[in-house]
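**Student:** Residue numbering for the sequence shown follows this note's numbering, beginning at 6 and increasing consecutively. Positions of the beta carbon are idealized from the N, C-alpha and C atoms, including for glycine. Bear in mind the structure is a predicted one, so any value in this text is a computation, not a measurement. Structure in structure tokens, see below.
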Amino acid sequence: MAQDPRGYEPNPLIGEFADAGPIVVKIGGGSDPEPVLDEVAELALAGRPTVLVHGGGAVADGLSEQLGVERRMIRSPDGTHSRRTDAAMLDVITLALLGRVKPRLISGLRARGARSVGLSGADGALLTATRKPALRSVQDGRTVLIRDDRSGRIEHVDPAPVRAVLDRGHVPVVSPPASDAAGNLLNVDADEAAARLATALDASALVLLTDVGGVLADLGDPATRIARVGPRLLEGDVVRGRMRHKVRAGLRASRTVGQVAIGAAHLHRPIHQALSGTGSRLCDEGEGHGVG
Numbered sequence: 006m007a008q009d010p011r012g013y014e015p016n017p018l019i020g021e022f023a024d025a026g027p028i029v030v031k032i033g034g035g036s037d038p039e040p041v042l043d044e045v046a047e048l049a050l051a052g053r054p055t056v057l058v059h060g061g062g063a064v065a066d067g068l069s070e071q072l073g074v075e076r077r078m079i080r081s082p083d084g085t086h087s088r089r090t091d092a093a094m095l096d097v098i099t100l101a102l103l104g105r106v107k108p109r110l111i112s113g114l115r116a117r118g119a120r121s122v123g124l125s126g127a128d129g130a131l132l133t134a135t136r137k138p139a140l141r142s143v144q145d146g147r148t149v150l151i152r153d154d155r156s157g158r159i160e161h162v163d164p165a166p167v168r169a170v171l172d173r174g175h176v177p178v179v180s181p182p183a184s185d186a187a188g189n190l191l192n193v194d195a196d197e198a199a200a201r202l203a204t205a206l207d208a209s210a211l212v213l214l215t216d217v218g219g220v221l222a223d224l225g226d227p228a229t230r231i232a233r234v235g236p237r238l239l240e241g242d243v244v245r246g247r248m249r250h251k252v253r254a255g256l257r258a259s260r261t262v263g264q265v266a267i268g269a270a271h272l273h274r275p276i277h278q279a280l281s282g283t284g285s286r287l288c289d290e291g292e293g294h295g296v297g
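Given below as structure tokens:
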């Protein structure tokens, strides 16, 4: 394998599992995409099929402020929280993901010599979801029902549009929204979308990249990274906030996907590093406790 012209050693992921399924990578909307784009392009140009899934919460927050759309949160009784997606906020999210985040990622890959195709979950019925009829939210110490939310639960994945892009040697860049069976747009969790897509594609690996180096026992201390995460960790309050969504999605995917990890997006070759042990490995079989 030839030496990288920048002086780096060849990426081990290029030769590893060469005949296995694609690598699915999810990047959060608030993370620096540049190191991720560097490695995704590197893998794609070397013939290693790679799918990039993205969110865009931070961009959606900025756009909602610009447009004067109030940002409200749903705080579930189990401690997780999500954006309340009424009709106006669904428009904001769709504009942010498809009009701002995705074009930046696609142009960034092209600048690195890798061709890509942007897809939403609604394209080609890639992600079919059902609307959540009512959501429980804790407000001022009491639980209320939210009935105007336009978020959905993914029920079916048709990977054909993504496979068609991969077959051309291009990088699929995928994001919410999804659609229901009648074609109505629904917001879905991007981590869950990545996990469900990885399963449908028989992916060799799923990597969820964020702004921290994995699951941390203490959010303020990177040294408390939990190297191996199992389902029991969700029973307490160690995993909090948005990380609960990532861990749940990753654990479900780990039942069929060979390698699942959460890692930091800002590192050099963040995909390889997350899979090689600098992040948190997720496995639904066996319990994760060790800090390292």
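Go to Val-30, then tell me how far its beta strand (DSSP E) extends in each direction, as first and last residue.
**Tutor:** As a first step, residue 30 must be located in the sequence shown, where it is residue number 25. Run containing Val-30: 28 to 32, per the beta strand (DSSP E) assignment.
**Student:** Rounding to the nearest angstrom, what Cα-Cα distance links Val-296 and Gly-263 in this structure?
**Tutor:** Translated into the one-based positions of the sequence shown, residue 296 becomes position 291. Translated into the one-based positions of the sequence shown, residue 263 becomes position 258. With a pLDDT of 39 at Val-296, under the threshold of 50, the predicted position of this residue should be treated as unreliable, though the coordinate-derived value follows. Straight-line Cα distance between these residues: approximately 22 Å.
**Student:** Counting C-beta neighbours from all protein chains within 10 Å, is the total for His-277 16 or more, i.e. buried, or is it exposed?
**Tutor:** In the sequence shown, residue 277 corresponds to position 272, counting from 1. Flag for His-277 reads buried.
**Student:** Between Val-74 and the rest of its own chain, which residues show a CB-CB distance below 7 Å, the 5 nearest in sequence each way excluded?
**Tutor:** Indexing the sequence shown from 1 puts residue 74 at position 69. Within the same chain, Val-74 has close Cβ partners Ala-93, Met-94, Val-97.
**Student:** I need the straight-line Cα distance from Lys-137 to Gly-157, nearest angstrom please.
**Tutor:** By 1-based counting over the sequence shown, the position of residue 137 is 132. By 1-based counting over the sequence shown, the position of residue 157 is 152. So the alpha carbons of these two residues sit roughly 5 Å apart.
**Student:** Quick one: any contact between the stretch 163 to 183 and the stretch 226 to 243, if contact means 3 or more CB pairs under 8 Å?
**Tutor:** The stretch 163 to 183 vs the stretch 226 to 243: no contact.
**Student:** Would DSSP call Val-167 helix, strand or coil?
**Tutor:** Residue mapping note: residue 167 aligns to position 162 of the sequence shown, counting from 1. Of the three classes helix, strand and coil, the one that applies to Val-167 here is helix, per DSSP.
**Student:** So, are the CB atoms of Leu-239 and Ser-259 less than 9 Å apart?
**Tutor:** Translated into positions along the sequence shown, residue 239 becomes position 234. Translated into positions along the sequence shown, residue 259 becomes position 254. No.
**Student:** Thinking Lys-31 and Leu-221 are a contact (beta carbons under 8 Å), I'd like their distance in whole angstroms, please.
**Tutor:** Indexing the sequence shown from 1 puts residue 31 at position 26. Indexing the sequence shown from 1 puts residue 221 at position 216. No, Lys-31 and Leu-221 are not in contact; Cβ-Cβ is about 18 Å, not under 8 Å.
**Student:** Using the three-state DSSP reduction, which class does Gly-123 fall into: helix, strand or coil?
**Tutor:** Translated into the one-based positions of the sequence shown, residue 123 becomes position 118. In this structure, Gly-123 counts as strand in the three-state DSSP scheme.
**Student:** What span of residues does the alpha helix (DSSP H) with Leu-206 cover, start to end?
**Tutor:** Locating residue 206 in the sequence shown gives position 201, where the first residue counts as 1. Taken as a continuous stretch (DSSP letters only), Leu-206 belongs to no alpha helix (DSSP H), as it is neither H nor E.
**Student:** Which same chain residues, not among the five before or five after Leu-114, have their C-beta less than 7 Å away from its C-beta?
**Tutor:** Looking up residue 114 in the sequence shown gives position 109. Cβ within range, chain order: Leu-42, Val-45, Ala-46, Ser-121, Val-176.
**Student:** Which of helix, strand or coil does DSSP assign to Arg-76?
**Tutor:** Reading the sequence shown from its first residue, position 71 is the one you call residue 76. Looking at Arg-76 - three-state DSSP - the assignment turns out to be coil, as it is neither helix nor strand.
**Student:** Which class does Pro-181 belong to by DSSP, given the choice of helix, strand or coil?
**Tutor:** Taking the first residue of the sequence shown as position 1, residue 181 is located at position 176. DSSP places Pro-181 in coil when its eight states are reduced to three.
**Student:** Quick check on Leu-42: does DSSP put it in helix, strand or coil?
**Tutor:** For this step, residue 42 is matched to residue 37 along the sequence shown. In this structure, Leu-42 counts as helix in the three-state DSSP scheme.
**Student:** For Leu-191 and Leu-272, what's the separation of their Cα atoms in angstroms?
**Tutor:** As a position in the sequence shown, residue 191 is number 186, starting the count at 1. As a position in the sequence shown, residue 272 is number 267, starting the count at 1. Each residue's alpha carbon lies about 33 Å from the other.
**Student:** Put Gly-129 into one of helix, strand or coil per three-state DSSP.
**Tutor:** As a working note, residue 129 is residue 124 in the sequence shown. Note: Gly-129 maps to helix in three-state DSSP.
**Student:** In the DSSP output, which residue or residues are listed as bridge partners for His-59?
**Tutor:** On the sequence shown, residue 59 is found 54 positions in, with the first residue counted as 1. Partner(s): Ile-32.
**Student:** Quick one, which of Arg-80, Ala-130, Leu-280, Gly-67 has its alpha-carbon nearest Leu-102's?
**Tutor:** Position 97 of the sequence shown, counting from 1, holds the residue named residue 102. Of the candidates Arg-80, Ala-130, Leu-280, Gly-67, the one whose C-alpha sits nearest the C-alpha of Leu-102 is Gly-67.
**Student:** Return helix, strand or coil for Arg-201, following the three-state DSSP convention.
**Tutor:** Locating residue 201 in the sequence shown gives position 196, counting from the first residue. If DSSP states are grouped into helix, strand and coil, Arg-201 belongs with the helices.
**Student:** Rounding to the nearest angstrom, what Cα-Cα distance links Ser-281 and Thr-148 in this structure?
**Tutor:** Start at 1 with the first residue of the sequence shown, and residue 281 comes out as number 276. Start at 1 with the first residue of the sequence shown, and residue 148 comes out as number 143. Near 42 Å, if we compare the C-alpha coordinates of Thr-148 and Ser-281.
**Student:** Measure the Cβ-Cβ separation of Thr-261 and Gly-218 and say whether it is below 9 Å.
**Tutor:** Walking along the sequence shown from the start, residue 261 turns up at place 256. Walking along the sequence shown from the start, residue 218 turns up at place 213. For Thr-261 and Gly-218, no; Cβs fall outside 9 Å.
**Student:** Is it buried or exposed for Pro-181, if we count other Cβ within 10 angstroms and need 16 for buried?
**Tutor:** Position 176 of the sequence shown, counted from the first residue, corresponds to residue 181. It is buried - the Cβ of Pro-181 has at least 16 other Cβ atoms within 10 Å.
**Student:** Report the CB separation of His-59 from Leu-110 in whole angstroms; it is logged as a contact under 8 Å.
**Tutor:** Here residue 59 refers to the residue found at position 54 when the sequence shown is read from its first residue. Here residue 110 refers to the residue found at position 105 when the sequence shown is read from its first residue. With a Cβ gap of about 6 Å, His-59 and Leu-110 count as contacting.
**Student:** So, at 7 Å on beta carbons, what are the nonlocal neighbours of Leu-100 in its own chain, with the 5 sequence-adjacent residues on each side left out?
**Tutor:** By one-based count along the sequence shown, residue 100 stands at place 95. Contacts found: Leu-68.
**Student:** Going along the chain, which residues of its own chain have a beta-carbon closer than 8 Å to the beta-carbon of Gly-118, five neighbours each way excluded?
**Tutor:** The count along the sequence shown starts at 1 and reaches residue 118 at position 113. Cβ within range, chain order: Ala-46, Leu-50.
**Student:** Quick check on Glu-47: does DSSP put it in helix, strand or coil?
**Tutor:** Residue numbering aside, residue 47 sits at position 42 when the sequence shown is read from its first letter. Three-state DSSP puts Glu-47 in a helix.
**Student:** Using the rule of at least 16 other Cβ atoms within 10 Å of the residue's Cβ for burial, across every protein chain shown, is Leu-202 buried or exposed?
**Tutor:** Mapped onto the sequence shown, residue 202 falls at position 197. With 16 or more other Cβ atoms within 10 Å, it is buried.
**Student:** How is His-273 classed by DSSP in three states: helix, strand or coil?
**Tutor:** What you label residue 273 is simply residue 268 of the sequence shown in a count that begins at 1. In the structure shown, His-273 sits in coil (DSSP, three-state: anything other than H, G, I, E or B).
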